[in-house]
Amino acid sequence: MKNEVEVGKREVERAQFVCRELKKTIPEARVELNYSNPLELMVATVLAAQSTDVKVNEVTAVLFKKYQCAADYVAVAAEKLEEDIHSTGFYRQKAKNIRAAMAMLINEHDGQVPGHMDALTRLPGIGRKSANVILGNVYGVPGIVVDTHVGRVSRRLGLTAETDPVKVEMVLAQLLPVEEWTAFGQRVVLHGRYVCKARKPLCDECTLMPHCDYFVAR
């Protein structure tokens, strides 16, 4: 993405520190959604909206045995797919998006998940965050996933004051070398999920504490 946000030396140095520390505490930077191919990861990212990876994995453990290609999702009745994904929440909209996305894959991409940001974000239910998950984990295309965890942690650490996910992504992309983007984003997701929690952050367990604006201001 284009560099359109100015960053300072302090932020660059802090981002480098965060990158080094998280490599120590989270050596394996991997998405927690279970999948075995690009199509499964795409479906999992759609289901993950307003849900948890744990719940999505429970659902997809059964779902992926029943639906193994794009045509399977298109062929099934909408009500049946809704029933199969009901427990992830917002199931009607998710089923609608999944079926529409699968139809686009069949009509425009030979039933395969594309490996380009523009093509992915044209699919219903797939935004930049989901596209970066797919691109980084399946195709090795660098990108920074920015979810609520990444936005919160980045602001607490003083890496950015931006609240818009796209702008947060733009800032982080300038603070780090491109080869760090994918792993950094995933590590920050996990750090935000398990340590730098929204309501009760575990500051005493956090190795980033010495450079955390949020901790200093408490």
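Using my numbering, you'd call the opening residue of the sequence shown number 835 and step up by one each time.
For glycine and all other residues, C-beta sits at the position ideal for the given N, C-alpha and C.
Because the structure is a prediction, the values reported are computed rather than measured.
- residue 883 versus residue 932 - alpha carbon distance: One-based indexing of the sequence shown puts residue 883 at position 49. One-based indexing of the sequence shown puts residue 932 at position 98. Rounded to the nearest angstrom, the gap between the Cα atoms of residue 883 and residue 932 is 12 Å.
- Item | With 16 other Cβ atoms within 10 Å as the buried cut-off, status of residue 1036 | One-based indexing of the sequence shown puts residue 1036 at position 202. When all chains shown are included, residue 1036 counts as exposed.
- Who are the near neighbours of residue 915 in its chain, counting only those whose CB is closer than 6 Å to its CB and skipping five residues on each side? As a working note, residue 915 is residue 81 in the sequence shown. If you ignore the 5 residues before and after residue 915, its C-beta comes within less than 6 Å of the C-beta of 929, all in its own chain and listed in chain order.
- Query: Within this structure, are the beta carbons of residue 891 and residue 866 separated by less than 9 Å?
  - Reply: Numbered from its first residue, the sequence shown carries residue 891 at position 57. Numbered from its first residue, the sequence shown carries residue 866 at position 32. Taking C-beta atoms as the reference points, residue 891 and residue 866 count as a pair closer than 9 Å.
- Give every residue of the same chain whose Cβ lies closer than 8 Å to the Cβ of residue 991, excluding the five residues on either side of it in the sequence, and list them in chain order. Locating residue 991 in the sequence shown gives position 157, counting from the first residue. Cβ within range, chain order: 848, 852, 1042, 1045, 1046, 1047, 1048.
- For residue 977, I'd like the list of residues in its chain whose CB is within less than 7 Å of its CB, leaving aside the five on either flank, ordered along the chain. For the purposes of this step, residue 977 is taken as residue 143 along the sequence shown, with counting starting at 1. Contacts found: 966, 969, 970, 1015, 1016.
- Within the same chain, show all residues whose beta-carbon is closer than 7 Å to that of residue 958, passing over the 5 residues directly before and after it, in chain order. Walking along the sequence shown from the start, residue 958 turns up at place 124. 931, 934, 935, listed in sequence order.
- Query: In terms of residues, what are the limits of the alpha helix (DSSP H) holding residue 916?
  - Reply: As a first step, residue 916 must be located in the sequence shown, where it is residue number 82. From DSSP, the alpha helix (DSSP H) with residue 916 extends over 912 to 919.
- Query: Any contact of the stretch 1017 to 1030 with the stretch 872 to 881, i.e. 3+ C-beta pairs under 8 Å?
  - Reply: Below 8 Å, too few C-beta pairs join the stretch 1017 to 1030 and the stretch 872 to 881 to call them touching: fewer than three.
- Task: Give the secondary structure of residue 853 by DSSP, where H, G and I count as helix, E and B as strand, and everything else as coil.
- Result: Residue mapping note: residue 853 aligns to position 19 of the sequence shown, counting from 1. Assignment of residue 853 by DSSP, reduced to helix, strand and coil, places it in the helix class.
- Query: Residue range of the alpha helix (DSSP H) that residue 964 falls in?
  - Reply: Counting from one through the sequence shown, the residue named residue 964 turns up at place 130. Run containing residue 964: 962 to 968, per the alpha helix (DSSP H) assignment.
- Query: Going by alpha carbons, who is nearest to residue 1051 out of 1013, 1003, 989?
  - Reply: For the purposes of this step, residue 1051 is taken as the residue at position 217 of the sequence shown. It is 989.
- Query: Assuming residue 895 contacts residue 873 under a Cβ cut-off of 8 Å, what Cβ separation, rounded to an integer in Å, is found between them?
  - Reply: Within the sequence shown, numbered from 1, the residue matching residue 895 stands at position 61. Within the sequence shown, numbered from 1, the residue matching residue 873 stands at position 39. Between residue 895 and residue 873 the beta-carbon gap is near 16 Å, outside 8 Å, which marks them as no contact.
- From 887, 937, 841, 962, pick the residue whose C-alpha is nearest to that of residue 907; which is it? If you number the sequence shown from 1, residue 907 lands on position 73. Distances from the CA of residue 907 to each of 887, 937, 841, 962 were compared; the closest alpha carbon is that of 937.
- Since residue 841 and residue 1005 are thought to touch, with beta carbons under 8 Å apart, how far apart are those beta carbons, to the nearest angstrom? By one-based count along the sequence shown, residue 841 stands at place 7. By one-based count along the sequence shown, residue 1005 stands at place 171. For a cut-off of 8 Å, the C-beta gap from residue 841 to residue 1005 is around 6 Å, short enough to register as a contact.
- Item | Exposure of residue 921, with buried meaning 16 or more beta-carbon neighbours within 10 Å | Counted from its first residue, the sequence shown places residue 921 at position 87. Residue environment for residue 921: exposed (fewer than 16 other C-beta atoms within 10 angstroms of its C-beta).
- Run of the alpha helix (DSSP H) containing residue 1043, from where it starts to where it stops: On the sequence shown, position 209 is the one that residue 1043 refers to. Note, residue 1043: premise wrong, no alpha helix (DSSP H); not H, not E.
- Message: Give the list of continuous alpha helix (DSSP H) stretches no shorter than 4 residues that lie fully inside the stretch 974 to 1012.
- Response: Fully contained in the stretch 974 to 1012 are the following alpha helix (DSSP H) runs of length 4 or more, in chain order: 982 to 990, 999 to 1009.
- Would DSSP call residue 846 helix, strand or coil? For the purposes of this step, residue 846 is identified with residue 12 of the sequence shown, where counting begins at 1. Residue 846: helix per DSSP, three-state reduction.
- Query: Roughly how many angstroms separate the alpha carbons of residue 982 and residue 875, rounded to a whole number?
  - Reply: Residue numbering aside, residue 982 sits at position 148 when the sequence shown is read from its first letter. Residue numbering aside, residue 875 sits at position 41 when the sequence shown is read from its first letter. Their Cα atoms are separated by approximately 19 Å.
- Query: I think residue 885 touches residue 945, with their Cβ atoms under 8 Å apart; what is that distance to the nearest whole Å?
  - Reply: Position 51 of the sequence shown holds residue 885. Position 111 of the sequence shown holds residue 945. About 26 Å; that fails the 8 Å criterion.
- Message: Just checking residue 898 against the ligand ATP - is the residue's beta carbon closer than 8 Å to any of the ligand's heavy atoms?
- Response: With respect to the ligand ATP, the structure shown offers nothing to examine, as it has no ligands at all.
- Item | Nearest-angstrom beta carbon gap, residue 1002 and residue 985 [assumed within contact, 8 Å] | As a first step, residue 985 is located in the sequence shown; it is residue number 151 there, counting from the start. As a first step, residue 1002 is located in the sequence shown; it is residue number 168 there, counting from the start. Sure, about 5 Å apart at Cβ, within 8 Å.
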